[in-house]
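A.B. asks: My questions will all concern the structure given below.
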């Protein structure tokens, strides 16, 4: 996206014209963006030169500086446009703002030199003035001293004038003095650069040490957090194992209780079945005994008959042995109870009672013979 000059156009133009105006004391103006937008605004203006400009620079922002300096060669005012990109600006934002440089240079016309700066070293006075001197087109140096008036030359004559060596010596000493001063100034600048470099190096070391300390602190915090999470997971695992064990024990206890209740029910059913079989056996035995007693009852006496001829003697019946009592049927083995499916019990086999021996039929009496008188003349017994 392109940079927006319309929103704050009046303020931008006013600050720009103040820097260009020779009658104004303002010799620099700093411009920046509103937040993360592309709207350009006036950040600050001043008349203190480069020292104040350096104080306004921020390592986390993209800024533009339009300032007026004096050309060291021609002593004429020159306009400088500085494109400042701080080292802490995100790369994506740098890429967006890099496309705005041409638009900003077009808006702030009249810049003799454009400088891209990222640190305070790029804004040193010697560096900026050197670039301005190179861009001025006059690549020669001017003497720092003001020109002294020359004595008017008298008329030329043949009169000998004595030379003044003191004046020549003073001029040479003065030149040597200024050369020495320039050398000392150059040494001072070199020393200042070294001092600044050492300070920056020290600050960089401190920053790295601080970052290392912060990283180690973060690592320790992460380790502590990891250990706490591990301990928490361990406690949760132990609690889960305990709960699982308790549930399993409760389930086993419930299964045992159910098995004991089922076993008691089976035992009760077996006892009931056994008592029922014993009762059935007793009933069958009593029924058989009653039938046997019915068969063994004596026959009813017949009414007396008329005197008859004595019947023939019947053979004496041999007494038959009494039938042995029937053995009690052994109880059938109990069927095992199955929890899921139990077959129906087989019908109780009842042993048929042995038939009682039928009594021998009594011999039928012979028919009575009619008495016939014997014929006469025959001996009767």
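Residue numbers (full-length UniProt numbering): 1 to 381.
We treat Cβ as the ideally placed atom computed from N, Cα and C, and that holds for glycine.
Predicted model, so just to flag it, every value in this text is computed and none were measured.
Cα separation between residue 211 and residue 185?
C.D. replies: Looking at the two C-alpha atoms, the distance is approximately 38 Å.
A.B. asks: Which residue wins for smallest C-alpha separation from residue 75, given the options 262, 221, 24 and 129?
C.D. replies: Among 262, 221, 24 and 129, the Cα nearest to that of residue 75 belongs to 129.
A.B. asks: According to DSSP, is residue 116 helix, strand or coil?
C.D. replies: Three-state DSSP puts residue 116 in a strand.
A.B. asks: Going by the beta-carbon positions, is the gap between residue 4 and residue 39 smaller than 8 Å?
C.D. replies: Cβ atoms of residue 4 and residue 39: closer than 8 Å.
A.B. asks: Count Cβ pairs between the stretch 39-48 and the stretch 83-98 that sit closer than 8 Å; are there 3 or more?
C.D. replies: At 8 Å Cβ cutoff, the stretches do not touch.
A.B. asks: Run through DSSP, which three-state label would residue 338 get?
C.D. replies: Confidence in residue 338 is poor, its pLDDT being 46 and thus under 50, which makes the residue's placement unreliable; the coordinate value appears in the next sentence. Coil, per DSSP.
A.B. asks: Could you give the C-beta distance for residue 133 and residue 79, rounded to a whole number, given that I count them as a contact under 8 Å?
C.D. replies: That pair is no contact at about 15 Å.
A.B. asks: Within the chosen definition, does the stretch 173-182 reach the stretch 96-113 through at least 3 CB pairs nearer than 8 Å?
C.D. replies: Touching, no.
A.B. asks: Roughly how many angstroms lie between the CA atoms of residue 10 and residue 127, to the nearest whole one?
C.D. replies: Rounded to the nearest angstrom, the two C-alpha atoms are 32 Å apart.
A.B. asks: In its own chain, which residues sit with a C-beta less than 8 Å from the C-beta of residue 60, not counting the 5 before and 5 after it?
C.D. replies: Excluding positions up to five away in sequence, the list reads 86, 88 and 89.
A.B. asks: Does the separation of the CB atoms of residue 63 and residue 125 fall below 8 Å?
C.D. replies: Taking 8 Å as the Cβ cut-off, residue 63 and residue 125 do not qualify as a contacting pair.
A.B. asks: Determine the direct distance from the alpha carbon of residue 6 to that of residue 206, and round the result to whole angstroms.
C.D. replies: Approximately 44 Å between the Cα atoms of the pair.
A.B. asks: Report the three-state DSSP secondary structure of residue 209 (helix, strand or coil).
C.D. replies: Note: residue 209 maps to helix in three-state DSSP.
A.B. asks: To the nearest angstrom, how far is the alpha carbon of residue 16 from that of residue 122?
C.D. replies: Distance between the alpha carbons of residue 16 and residue 122 is about 22 Å.
A.B. asks: Just the Cα atoms here: how many angstroms apart are residue 237 and residue 224?
C.D. replies: So the alpha carbons of these two residues sit roughly 20 Å apart.
A.B. asks: Please classify residue 28 as buried or exposed, where buried requires at least 16 neighbouring CB atoms within 10 angstroms.
C.D. replies: Classification for residue 28: buried.
A.B. asks: DSSP on residue 269, reduced to helix/strand/coil?
C.D. replies: Looking at residue 269 - three-state DSSP - the assignment turns out to be helix.
A.B. asks: In this structure, what does DSSP give as the bridge partners for residue 78?
C.D. replies: According to DSSP, which records beta bridges pairwise, residue 78 is partnered with 69.
A.B. asks: Check each candidate in 195, 92, 182 and 68 and name the one with the smallest Cα separation from residue 36.
C.D. replies: Looking at the Cα atoms, 92 is the closest of the given residues.
A.B. asks: If you follow the alpha helix (DSSP H) that residue 386 is part of, which residue opens it and which one closes it?
C.D. replies: The structure shown does not extend to residue 386, since the chain is modelled only from 1 through 381, so no value can be given for it.
A.B. asks: Would you list the one or two residues that DSSP bridges to residue 45?
C.D. replies: Answer is 29, bridged to residue 45.
A.B. asks: Return yes when the C-beta of residue 102 is under 7 Å from any heavy atom of the ligand ATP, and no when it is not.
C.D. replies: In terms of ligand content, the structure shown is empty, and the ligand ATP therefore cannot be addressed.
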